[in-house]
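Using my numbering, the letters of the sequence shown correspond one by one to residues 155 to 582.
No residue lacks a Cβ here, since even glycine has one placed at the ideal position from N, Cα and C.
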Amino acid sequence: MLLSACLMTVWTTSWAQGRIQPLDAIVAVVNDDVIVQSELDTQIDLLIPELQARDAAIPDPAVLEEQVLDQLILERLQMQRAQTLGLEVDEATLNEALTNIAARNGMGLMELREALEANQISFEAFRDDTRRQIITSRLQQEEVVKEVRISEPEVDRFVETERDSLITRSEVRLSHILIALPEGASPAQVEEARSEAQSIARRLRQGEDFASLARAKSDGGRAQEGGDLGWFPIGEVPSLAAQPAQSLGRGELTDPIRSPSGFHIIKVSDIKGDTPEPITQTKARHILIRTSEVVSSEDAQRRLEQLRLRIVGGDDFATLARSHSDDTGSALNGGDLGWVSPGDTVPAFEREMDALSPGEISQPFESPFGWHIVQVNERRDQDTADELLRLRAKEALRMRKAEEAKELWLQRLKDEAYLEVRLDERDR
């Protein structure tokens, strides 16, 4: 879209009101593209029901408008960057994604289309939005996620300090202190109870014994048992304690929580976790050909087909990987990826690798990084809890670091772009 053509505000005649009014004023210029009022209004109309469904506070209209416009700007910048890199989504990939969305909702593709249209949502618009999400995901994988590195000392520290967060919880043992309020309590009574509960929480965090304070101070029914409520299956935890039961570590406690009956302090005294399932690790090696403006997808696929024929014919995989692979990290080691655990690679790669028997070489296939062939050398089962905890820690760290890196990357995209917000100019 040409900027000179887009910078005109479209006007239409409002015969009902007998005056001229703006139909689609420009609310932001993003490099050589624009965002118009109708796009902003549509996104706000979609967001408000989501906020209401989550019982979340809806910001002041002016604040909400600014927040949604900022998200639209970030989306537009990412799509522009993806276009520069030549990232696209073919119809087969898009249709597979839509089919998976339908399946997750217990529908076929046609049923999904009918359900969307029954809710006045255009299926074509839904397709376009899904395509943008896939492209954005690939872009972030290429520019941010693949650059994230996790060191073994980082994993050690995470396991030591946040071990409980890595356990899939099956049961929790809870303890409880209640500072009760009478029915129809006055503001003074509420404030007095709040102050006492806060004082107790401070004393507990300074090291005083929970059971002793519960027996001395709590109005709860289990005060004389030291506030011990016993074990709860995670799905049967009382609603007041549901969130702390999932998020607090062993021995941690909440700030005072207000309810109609008073102020509650909840402690997660102990945690039981599900026994981790064994995992299968794969020792594999690969050759990667990245696509670019010079190397098309067809070129990359054809080159890998030729390399595969040479390997099957007796050429050494490692030698060809050193000479031809664009994955510099593994190419120096003959394409060797070491022992790969579930979740270590992107889904497209993992799916192809898992389908191979030891010694077998895949046909060329595509992932967000480019085109690959992969050979499986060996497989082994790992069933130690410590190893699985480390794998979970590594994934949690990767997600945390990737999110931090993504925020910096998005800010850099904004800093390097030409942006002009025109919300204040619409009524002029």
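Where residue i sits in the DSSP three-state scheme
i    : result
G389 : helix
I443 : strand
T322 : coil
D178 : strand
Q435 : strand
R533 : strand
F523 : coil
L567 : helix
V190 : strand
L486 : coil
I304 : coil
I333 : strand
E549 : helix
V313 : helix
V528 : strand
I515 : strand
L200 : helix
L463 : helix
L562 : helix
V402 : Correcting the residue identity first, residue 402 is Leu in this sequence and not Val. Three-state result, L402: coil.
L205 : helix
L542 : helix
L510 : coil
L156 : A caution first: L156 carries a pLDDT of 31, below 50, which makes its placement in the model too unreliable to give a value.
V299 : helix
S276 : coil
V217 : helix
L502 : Looking at the sequence provided, one finds Ala at residue 502 rather than Leu. DSSP places A502 in helix when its eight states are reduced to three.
I288 : helix
Bridge partners - residue i, DSSP secondary structure assignment
i    : result
D424 : R327
V494 : T436
F417 : I333, R412
E574 : V183
L407 : K421
C-alpha gap between residue i and residue j, whole angstroms
i    : j    : result
Q197 : L223 : 9 Å
G467 : A251 : 37 Å
V575 : L194 : 12 Å
A396 : G375 : 19 Å
G384 : L328 : 6 Å
H418 : E220 : 38 Å
L402 : H330 : 14 Å
R533 : P512 : 7 Å
A475 : A269 : 48 Å
S265 : T253 : It should be pointed out that residue 265 corresponds to Glu in this sequence rather than to Ser. Computed Cα separation, rounded: 10 Å.
A216 : Y572 : 23 Å
S168 : P398 : Below a pLDDT of 50, predicted positions are generally treated as unreliable, and S168, at 30, falls in that range; no measurement from the model is reported.
E314 : E558 : 22 Å
R235 : K568 : 11 Å
W563 : M233 : 14 Å
I212 : L228 : 21 Å
N185 : Q274 : 32 Å
P203 : R258 : 21 Å
Q175 : I189 : For Q175, the predicted model reports a pLDDT of 39, less than 50, meaning its position is unreliable and no value from the coordinates is stated.
V391 : M553 : 28 Å
A179 : D187 : 14 Å
G483 : D310 : 24 Å
M507 : H478 : 20 Å
T238 : E447 : 10 Å
R439 : N531 : 8 Å
L335 : D318 : 34 Å
A472 : R444 : 18 Å
A347 : R208 : 30 Å
L218 : E271 : 27 Å
D535 : K437 : 11 Å
L410 : S276 : Note on residue identity: the sequence assigns Pro, not Leu, to residue 410. Rounded to whole angstroms, P410 to S276 spans 47 Å at the Cα level.
V592 : K548 : Past the edges of the chain, shown from 155 to 582, lies residue 592, and the structure says nothing about it.
E316 : Q400 : 13 Å
F312 : E245 : 41 Å
R357 : S305 : 38 Å
CB-CB length for residue i against residue j, believed under 8 Å
i    : j    : result
D481 : L442 : 4 Å
W493 : Q435 : 5 Å
E325 : K426 : 4 Å
A556 : V298 : 6 Å
Contact with chain C by residue i, beta-carbon distance below 8 Å
i    : result
E362 : Absent here is chain C; the protein component of the structure consists of one chain.
The ligand ADP heavy atom lying under 7 Å from the CB of residue i
i    : result
F471 : Summarising the ligand content, the structure contains no ligands, and the ligand ADP is consequently not present.
Unbroken stretches of the alpha helix (DSSP H), 4 residues or longer, contained in the segment 219-274: 245-258, 263-272
Ranges of the beta strand (DSSP E) found wholly within the segment 336-388, counting only runs of at least 3: 382-387
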